[in-house]
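Chains L and X supply the protein sequences, listed in that same order.
So my numbering is basically just the index in the first sequence, starting at one, shifted up by 483.
So my numbering is basically just the index in the second sequence, starting at one, shifted up by 65.
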Amino acid sequence: MISKDYVIMSPQGLHARPATTLIRLTKNFKSTISLKKNDKLVRLNSMLNILSLVIKGGETISIVIDGEDEIIATEAIDLFFTQQLKEL
Amino acid sequence: MNGIGVSPGISIGKARVIKKVQIALTGTSLDNEADITAEIERFDFAVSKAINELESLKQNTCLNLQKEDIEILETQIELLSDPQIREDTVEKISSDKQNLNDALIGVIANMVKMFENMDDEYMRARSADIQDIGNRILKHLNIPGDSCSQEFEPDTIIIAEDISPSETITMDKQVTGFATYTGSKTSHAAIIAKAKGIPAVVGCGNGLESINNNDVIILDGINGLVLVNPDQQMIADYTEKREVYIEKADQLKQLREVEPITIDGTKITLMANIANADDMEDVFDFGGEGVGLLRTELLFMNRDSFPTEDEQFEFYKKVVLRSKNKPVIVRTIDIGGDKHLPYFNLPVEQNPFLGYRAIRICLDRTGLFITQLKAILRAAVFGDLKIMLPMISNVQEVREAKNILARAKDELLRENASFKTDIELGIMIEIPSAAITADILAKEVDFFSIGTNDLCQYTLAVDRMNEKITHLYDPFNPGVLRLISYVIDQARKQKIHVGMCGEMAADPRATLLLLGMGLTDFSMGAAAIPLIKSIIINNNIFTAEHVCNHVMAMHNSENIIKYLQKFNA
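As C-alpha cells, this is what we get:
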C-alpha cells in the first residue's frame with residue numbers, strides 16, 4: 484500500500500472537470516485508489532464522493548493506493564496532481 | 066426587474082416561458098424478487114441509454130458545442146455511471162421495495178439536498194447537474210426516445226425558473242438570451258451563456274412570473290436588468306447600446322488573443338495592476354499576461370486590526386492560484402501618505418507624502434513587515450510571486466529589507482513551513498534619489514518598477530492633492546522623462562528587469578516614447594491593455610527610438626505632448 488500527500492494546485496480545487504479526468508485515470512489500474520481529506524476516505528471511482536469532500540485549491544489531501552499495479556498507478560497519480568491538475 | 070448579470074451583452078427579443086415538468090412519486094411498492102431484479106435491470110438500461118444520448122449529443126456537430134459544453138457533458142456522463150447513485154438506488158429497490166421511479170427520485174433528491182447545503186458556491190451549483198442527470202434517467206424510463214431538441218423562433222429570450230445544464234447545451238442559435246428566477250455566477254447557465262456569448266441574467270426572483278410568452282423583453286446582461294414590454298424610445302436606446310457594445314466586444318476579443326509584439330518583432334509584456342483575487346478574471350479577459358502590481362492595501366483596510374500571517378497567506382494564495390502561473394508582483398504595505406488605517410494610529414503630519422509611510426514604516430516596525438513577508442513567501446510556492454518594495458530612497462533601505470527577508474525565511478525554516486526560497490525581490494523607483502542612483506540599486510535587486518505617479522510628484526515638488534497646482538503635475542516634463550530614461554538604461558545595462566506600473570504606462574501618448582527608451586514591461590489597469598496593445602502591434606522599435614530621440618531633445622512638455630499626439634493620430 485502506498486500513501487502520498489498532495490497540495491491541490493488548481494484555483495478552483497478538485498472540481499468536476501479535474502475529478503472527471505482523475506476518475507478516468509484511475510480506471511486504468513487494478514489497484515484500489517482512494518482519496519482522504521480530514522480523515523474522510525472515499526474511493527476514487529465516484530464523482531459524487533469526490534465532490535462531496537469539497538476539495539479546494541491549496542488544501543492538502545492524501546491518496547492511498549493498494550493493489551498489484553500500485554507503483555505504476557502512483558506514478559500516474561503523481562503526474563496528475565503535480566502537473567496536469569494545474570492545466571485543467 | 067433586477068438580477069445578477071452573469072454574461073454581458075444586450076438582447077432584445079420575445080419571451081418564451083419554460084415551465085418545469087415534475088415527475089411524481091407513484092407510491093406503489095414491489096412485492097416479489099423477480100420485480101426487484103427487473104427494476105434494477107431497467108435502471109441499468111435507462112442509465113446506459115442516457116449515457117448514449119449524451120455521447121451522441123457530444124458528437125452532434127449541429128449544436129456547435131463549445132469546450133465548456135463538452136466538459137459539462139463529460140461530467141454528466143461520469144455522474145451517470147457513478148457507483149454511489151447505483152448503490153443507493155439498488156438499496157431502495159431491494160430493501161425498501163420501492164419501484165425504480167420512486168427510488169430514483171428519492172436518491173436524486175437526497176443528493177441534490179446534500180450539494181445545496183454545501184458551504185461552497187461552486188459545489189452548490191453542481192446540484193443542478195445531479196438533478197439534470199436524474200431527470201434524464203427518468204425520462205428514459207417513462208418515454209422511450211429521442212433527445213430533447215426544441216424549436217425556437219428567432220430572437221427568443223428564455224424565461225425559466227432555472228435552466229439545466231443540458232438545456233443550455235441544446236439551446237439553438239435562435240435563443241439570444243435568458244433570464245432565470247434562481248441561479249448564481251457559477252451556475253452552468255452562467256458559464257455556458259458566457260461561452261456562447263449571449264447575455265444572461267440570473268437570480269431575478271419570482272417577479273419573472275408576470276412575463277408571458279411573446280412579451281417583448283430587453284435583457285441587459287451588463288447591468289443585470291430585465292425590462293418587460295418597453296416603449297419605443299427604450300427599444301431605440303437599447304438597440305444603440307447594443308451596437309456599441311458589440312463593436313467594443315469584437316475589438317476586445319480580436320485583440321485579446323494577439324501577442325503584444327512590435328512590427329519588427331520585439332516582444333512586450335503587458336500586465337495589470339490589481340487589488341485582489343477577483344480582479345484576476347479581468348486581467349485575462351483584457352489580455353494581460355500577469356500582474357505587475359498587486360496592491361496589498363485592501364488587505365489592511367476595512368477591518369479593525371492587522372491581518373494575521375495566515376489571513377494574509379490566504380489572500381496572496383487566492384491571487385496566485387488564479388494567475389495561471391504568470392508572474393504576480395506583490396507590493397509590500399504602502400500605507401501612510403494618503404492611506405490610513407483606523408487601527409494603526411499614525412500622528413497627523415505636516416507633510417504626509419514626505420513622511421512616515423510605506424517601507425519606512427516596515428523597516429521601523431519589523432514585526433509587521435516580517436509577518437507580511439512570511440505570508441508572501443509561503444504563498445509563493447503556488448506560482449510565480451515576486452516581492453516589490455515601495456518608496457525606496459537609498460541603498461541602505463534595500464539592504465535592511467533584504468536582512469529582514471532573510472530573517473523571515475529563517476523563521477519559516479524553523480517552523481518547518483514550505484515556502485519559496487529564491488523569491489525575486491524588486492523595488493519601486495518613485496523617489497528621484499532612487500532614480501538617479503539606479504546604477505547602484507540595480508546591483509542589489511532583481512527588478513525595478515517605475516512608479517510614475519509619485520516619481521512625478523516628488524521630482525516636480527507638486528502635491529498631487531493640491532488643486533491649485535495640478536497644471537504643474539506633468540509626467541511629460543523633460544526632467545521626469547530624463548529620470549525615467551536613465552532608470553531604464555541602467556537596468557538594461559545591468560541586465561535586470563525594468564517595468565512601469567504608474568499611470569504613464571496606460572497613457573497612449575507615452576507608449577511609443579517608452580518603447581523607444583527601451584521599456585518592455587508595462588503594467589496598468591486591465592481595461593487599458595487593449596488600447597496600449599494596439600499601439601504596440603502597429604509600430605516598430607525603430608520608429609519608437611526615433612520618437613524618443615526627438616522628444617528627449619525637446620525643451621518643454623507642451624511641445625512634447627503636441628508632438629506625441631500628432632504621432633498617435
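Virtual Cβ for every residue (Gly too), placed ideally from N, Cα, C.
Under 8 Å Cβ to Cβ from residue i, same chain only, skipping five residues before and after it: list those, please.
{"i": "M188/X", "result": "F180"}
{"i": "L273/X", "result": "M66, I224, A244, T245, Y246, V291"}
{"i": "Y310/X", "result": "P73, G74, I75, I287"}
{"i": "E379/X", "result": "none"}
{"i": "E551/L", "result": "K513, S514"}
{"i": "I491/L", "result": "L497, I538, K539, G540, G541, E542, T543, I544, F564, L568"}
{"i": "T91/X", "result": "N164, N166, D167"}
{"i": "I626/X", "result": "F541, R574"}
Got a sec? Which residues, its chain only, sit under 7 Å from residue i by beta carbon, not counting five neighbours each side?
{"i": "V413/X", "result": "none"}
{"i": "L406/X", "result": "F365, M366, I400"}
{"i": "K439/X", "result": "E374, A473, E476, L477"}
{"i": "N532/L", "result": "V525, R526"}
{"i": "R191/X", "result": "F180"}
{"i": "P209/X", "result": "Residue placement at P209/X cannot be trusted, given a pLDDT of 46 that sits under 50; what the coordinates show is reported in the next sentence. Around P209/X: no qualifying Cβ."}
Taking Cβ-Cβ distances shorter than 8 Å, what residues in chain L pair up with residue i?
{"i": "N635/X", "result": "The first residue shown for chain X is 66 and the last is 634, placing residue 635/X beyond what the model contains."}
{"i": "I144/X", "result": "Going by the sequence as given, residue 144/X is Leu instead of Ile. Those within 8 Å of L144/X in chain L are M530, L531."}
{"i": "R201/X", "result": "Those within 8 Å of R201/X in chain L number zero; the least Cβ separation is about 15 Å."}
{"i": "R443/X", "result": "Result: empty, since nearest Cβ-Cβ is about 10 Å, beyond 8 Å."}
{"i": "M176/X", "result": "L531"}
Show which residues of chain L have a CB atom less than 7 Å away from the CB atom of residue i.
{"i": "P148/X", "result": "N528, S529"}
{"i": "R191/X", "result": "A499, L534"}
{"i": "M179/X", "result": "S535"}
Identify the contact partners of residue i in chain X, using a Cβ-Cβ distance below 7 Å as the criterion.
{"i": "M492/L", "result": "F447"}
Who are the near neighbours of residue i in its chain, counting only those whose CB is closer than 6 Å to its CB and skipping five residues on each side?
{"i": "D369/X", "result": "Y408"}
{"i": "K487/L", "result": "I546"}
{"i": "A445/X", "result": "K485, I488"}
{"i": "A168/X", "result": "T154, K157, I158"}
{"i": "L546/X", "result": "none"}
{"i": "V563/X", "result": "F513, I553, A556"}
{"i": "C213/X", "result": "In this prediction, C213/X scores a pLDDT of 47, lower than 50, which makes its location untrustworthy; the coordinate-derived value is nonetheless stated afterwards. If we look at C213/X and ignore the five residues flanking it on each side, it has no Cβ neighbours."}
{"i": "L206/X", "result": "A111"}
{"i": "D586/X", "result": "T334, G564"}
Whole-angstrom Cβ separation of residue i and residue j, contact assumed at under 8 Å?
{"i": "L505/L", "j": "L527/L", "result": "6 Å"}
{"i": "L442/X", "j": "K474/X", "result": "7 Å"}
{"i": "P219/X", "j": "I75/X", "result": "Going by Cβ atoms, the distance from P219/X to I75/X rounds to 16 Å, so no, they are not a contact pair."}
{"i": "M176/X", "j": "I202/X", "result": "Their Cβ separation, rounded to whole angstroms, is 13 Å, which puts M176/X and I202/X out of contact at 8 Å."}
{"i": "Q131/X", "j": "A260/X", "result": "4 Å"}
{"i": "K193/X", "j": "H253/X", "result": "The question names Lys, yet the displayed sequence has Ala at residue 193/X. Confirmed, Cβ separation roughly 6 Å."}
{"i": "F351/X", "j": "I594/X", "result": "4 Å"}
{"i": "S550/X", "j": "S498/X", "result": "Not confirmed; about 17 Å, so no contact."}
{"i": "S599/X", "j": "P543/X", "result": "Not quite, the Cβ-Cβ distance comes to about 27 Å (not below 8 Å), so this is no contact."}
{"i": "V384/X", "j": "L359/X", "result": "6 Å"}
{"i": "G248/X", "j": "G268/X", "result": "5 Å"}
{"i": "M456/X", "j": "A423/X", "result": "4 Å"}
Quick one: list the residues of chain L neighbouring residue i, beta-carbon separation under 9 Å, in chain order.
{"i": "E120/X", "result": "Those do not exist, as E120/X stays about 14 Å from chain L at its closest Cβ, beyond 9 Å."}
Starting from residue i, find everything on chain X with Cβ-Cβ shorter than 9 Å and list it in chain order.
{"i": "G431/L", "result": "Missing from the structure shown is residue 431/L; chain L here goes from 484 to 571 and no further."}
Name the chain X residues whose beta carbon is nearer than 8 Å to that of residue i?
{"i": "Q495/L", "result": "Y187"}
{"i": "V425/L", "result": "Limits of chain L in this structure are 484 at one end and 571 at the other, which puts residue 425/L out of reach."}
Just to confirm, does residue i get its C-beta within under 7 Å of one of the non-hydrogen atoms of the ligand HEM?
{"i": "A471/X", "result": "This structure lacks the ligand HEM; in fact it carries no ligand of any kind."}
**Asked** Which residues, in chain order, does the segment 521-535 of chain L contribute to contact with chain X at a C-beta distance below 7 Å?
**Response** N528, S529, M530, L531, N532, L534, S535
**Short-range partners of chain X found in the segment 503-519 of chain L, where Cβ spacing is below 8 Å** = Cβ proximity to chain X below 8 Å picks out T503, I506, R507 from the segment 503-519 of chain L.
**Request:** Quick one: which unbroken alpha helix (DSSP H) runs of 4-plus residues sit fully inside the segment 134-176 of chain X? Chain order, please.
**Result:** 148-159
**Item:** Contact list for the segment 127-144 of chain X against chain L, Cβ threshold 7 Å
**Value:** Cβ contacts with chain L: E136, E139, T140, E143, L144.
**Request:** Could I get the ranges of all uninterrupted alpha helix (DSSP H) runs contained in the segment 588-612 of chain X, with 4 residues as the minimum, in chain order?
**Result:** 594-602
**Length-filtered (3 minimum) beta strand (DSSP E) runs lying within the segment 380-407 of chain X** = 392-396
**Prompt:** Curious, which full-length beta strand (DSSP E) runs of at least 3 residues does the segment 66-95 of chain X contain?
**Reply:** 69-72, 75-83
**Asked** Whole alpha helix (DSSP H) runs in the segment 501-573 of chain X with 4 or more residues, listed along the chain?
**Response** 503-506, 517-525, 543-558
**Request:** Closer than 8 Å, Cβ to Cβ, to anything on chain X: give me those residues from the segment 556-568 of chain L, in chain order.
**Result:** none
**Prompt:** Residue ranges of each alpha helix (DSSP H) run of no fewer than 4 residues wholly in the segment 270-338 of chain X, ordered along the chain?
**Reply:** Counting whole runs of 4 or more residues, the segment 270-338 of chain X contains the alpha helix (DSSP H) stretches 297-321.
**Request:** Give, in chain order, every unbroken run of the beta strand (DSSP E) that is at least 3 residues long and sits entirely within the segment 509-546 of chain L.
**Result:** 515-520, 523-526
**Item:** Ranges of the alpha helix (DSSP H) found wholly within the segment 422-505 of chain X, counting only runs of at least 4
**Value:** Taking only runs of at least 4 residues, the alpha helix (DSSP H) segments lying wholly in the segment 422-505 of chain X are 424-429, 431-444, 460-479, 497-501.
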